[in-house]
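Visitor: Below you will find the structure I want to go over with you.
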Amino acid sequence: LVGQTLSYGSSSNLLVGQTLLAIGNPFGLDRTITSGLVSALGRTVTGVAGNPINNCIQTDASINPGNSGGPLLNLKGEVIGVNTMIISTSGSSAGIGFAVPGDNVKHKSNEIVDLDKERRIQKGQKRKGRGWLGIDVAIGSLEEALRKRLAVHEAAGAFVTSISKSSPLMQTRDATASNEFDSTGINNGSIVIGDRIVNVGGAIISNGLDLQTDLKGRVEGEQLTLTVEDALGERRVLYITLGKVPL
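The opening position of the sequence shown corresponds to residue 1187 in the working numbering, with each subsequent residue numbered one higher.
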């Protein structure tokens, strides 16, 4: 029998108190389902490797060893998260579980597929590959929180959360790009709003997904104009040449 695949729901639309379902294999008991609520949103927890995992969904659905990697569903049966870890003094569920938002998982999964396609293009063909800007942008619930923080309308642009050292933005001879391009981040526990990309080559950018979609259609070596807006609403235009996707 061929089972149906689960579809993604929007984790950015979750509300505290909403009912969720967790599926996994706790203690080796496969196909176990438990229910609970969204206890909190936007939590940051520390992974087993000591790395921070940001923007997690906190739930009181019973999650135990063996649940990690299983889906967290809404009542429509849509994946809105992936169960990740618990906080417990006993090693069993204490009603404090965490899941990575489904929006993030979907985005990263698509990134992996796109990178594999790019690797095949660069390895087996002579045509130009996809252009690379070398930045990360906020999506999903993080993007929604940033919009609320800025009190801007939905067409806020793409919030830049990190910039690669080898990004074309850092290689450009335009000093305003290399020296003054600020990314959104956390400083001393407070969110610091950085620059947003609001236009690419004349195309309006409403959000992070808009920018990702636009860049997928660009090729390495392509010259672009970027309109960037800072936290004070001041705009400037940057001229960049897209780089080659690093493999």
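Every residue gets a Cβ at the ideal spot worked out from N, C-alpha and C, and that includes glycine. Note that this is a predicted model, so its numbers are computed, not measured.
DSSP three-state call for K1262: helix, strand or coil?
Guide: Stepping through the sequence shown from its first residue, residue 1262 is reached at position 76. DSSP places K1262 in coil when its eight states are reduced to three.
Visitor: In whole angstroms, what is the alpha-carbon distance linking V1405 and L1428?
Guide: Your numbering for residue 1405 matches position 219 in the sequence shown. Your numbering for residue 1428 matches position 242 in the sequence shown. Taking the straight line from one Cα to the other gives about 7 Å.
Visitor: Starting from the Cα of G1222, find the closest Cα among L1207, I1391, P1212 and V1234 and give me that residue.
Guide: Mapped onto the sequence shown, residue 1222 falls at position 36. Closest option to G1222, Cα to Cα, is L1207.
Visitor: Leaving aside the five residues before and after P1257 along the sequence, list all residues of the same chain whose C-beta is less than 7 Å from its C-beta, in chain order.
Guide: Numbered from its first residue, the sequence shown carries residue 1257 at position 71. The residues are L1192, I1209, V1265 and V1268.
Visitor: Since I1349 and V1286 are thought to touch, with beta carbons under 8 Å apart, how far apart are those beta carbons, to the nearest angstrom?
Guide: Against the sequence shown, residue 1349 aligns to sequence position 163. Against the sequence shown, residue 1286 aligns to sequence position 100. No, I1349 and V1286 are not in contact; Cβ-Cβ is about 23 Å, not under 8 Å.
Visitor: Residue ranges of each alpha helix (DSSP H) run of no fewer than 4 residues wholly in the segment 1263–1340, ordered along the chain?
Guide: 1288–1310 and 1326–1336
Visitor: Since I believe V1323 is in contact with G1394 (beta carbons under 8 Å), could you give me their beta-carbon distance rounded to a whole number of angstroms?
Guide: Numbered from 1 along the sequence shown, position 208 holds the residue referred to as residue 1394. Numbered from 1 along the sequence shown, position 137 holds the residue referred to as residue 1323. Rounded, the Cβ-Cβ distance is 4 Å, consistent with contact.
Visitor: Could you tell me the boundaries of the alpha helix (DSSP H) in which Q1398 lies?
Guide: Within the sequence shown, residue 1398 is the residue found at index 212, counting from 1. G1394 to K1402 is the span of the alpha helix (DSSP H), which, as asked, contains Q1398.
Visitor: Which residue from R1421, S1279 and L1201 puts its Cα closest to that of D1368?
Guide: For the purposes of this step, residue 1368 is identified with residue 182 of the sequence shown, where counting begins at 1. Measuring from the Cα of D1368, the nearest candidate turns out to be R1421.
Visitor: Please work out which residues of its chain come closer than 8 Å, Cβ to Cβ, to T1230, disregarding the five sequence neighbours upstream and downstream, and give them in chain order.
Guide: Looking up residue 1230 in the sequence shown gives position 44. Answer for T1230: P1238, I1239, N1240, N1241 and C1242, listed in chain order.
Visitor: Can you tell me which residues form a DSSP beta bridge with N1385?
Guide: Locating residue 1385 in the sequence shown gives position 199, counting from the first residue. I1390 and T1413.
Visitor: Could you tell me whether any Cβ in chain D is nearer than 9 Å to the Cβ of I1298?
Guide: No chain D appears in the structure shown, which is made up of a single protein chain.
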